[in-house]
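Numbering (my numbering), first residue to last: 659 to 872.
Set out below in structure tokens:
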């Protein structure tokens, strides 16, 4: 059975080919070509990664990414599809799933919802939905660590996970399909189809907080 990160990588590449290199993404001002280049750099150029955190090295990262973005579109998409080089630990399926599955789910939605409209554009398999829910259980406390209110995530079946303890401001319950909850957790609530339950004060405090890994 093909592992999840590979399935999502292939699905994203198919979407890239369908949309073309100039389509908008949720990672504005990045186009699909910019996003694809980012993924290639992430796979193949760990030497450029410090540019994310060290301002003095940011220009080197930008130049490297721009070089990939300028490649012919089919060639760039093939680079994304082929994945990390043979020396990368991510060539091992369990490692690939751990470090790349959520990344590809998020960025696939960044492309599919680049028009900023709310709601799903594809059918997500039960296997992938379960894996996303498992990831939310694993990462939820980290993703919502700066929330000033308690946070409960609940899927449509009623299964819930308490990812942030309640505070004096109360608790907010976010209900939706796992991919929709994942988008909200990564700061993309504007396009996530979720139901939000809680006091107006608590909800305002939650959405005013920086969410995600950054």
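By construction, the Cβ of each residue, glycine as well, lies at the ideal position given by its N, Cα and C atoms.
query, result
"Element boundaries [beta strand (DSSP E), containing residue 871]", "Element bounds for residue 871: n/a, residue is neither H nor E."
"Beta carbon of residue 693 nearer than 8 Å to that of residue 786", "no"
"Cβ pair residue 697, residue 738 closer than 8 Å", "yes"
"Given residue 794 as reference, the closest of 822, 780 and 773 once Cα atoms are compared", "822"
"Selection from 741, 863, 695 and 691 that minimises the alpha carbon distance to residue 723", "695"
"Those residues which DSSP pairs with residue 832 across a bridge", "811 and 854"
"CA-to-CA distance, residue 755 to residue 677, given in whole angstroms", "25 Å"
"C-beta atoms of residue 801 and residue 869 nearer than 8 Å", "yes"
"Where residue 776 falls, given that 16 or more other Cβ within 10 Å makes a residue buried", "exposed"
"DSSP state of residue 682 mapped onto helix, strand, coil", "strand"
"Residue 695: CB within 7 Å of a non-hydrogen atom of the ligand GTP", "Although the ligand GTP was asked about, the structure shown includes no ligands whatsoever."
"Burial state of residue 770, where buried means 16 or more other Cβ atoms lie within 10 Å", "buried"
"Limits of the beta strand (DSSP E) - the one that residue 821 falls within", "818-822"
"Spatial distance of residue 832 from residue 853 (CA atoms)", "6 Å"
"Alpha carbon of residue 850 to alpha carbon of residue 779, nearest angstrom", "11 Å"
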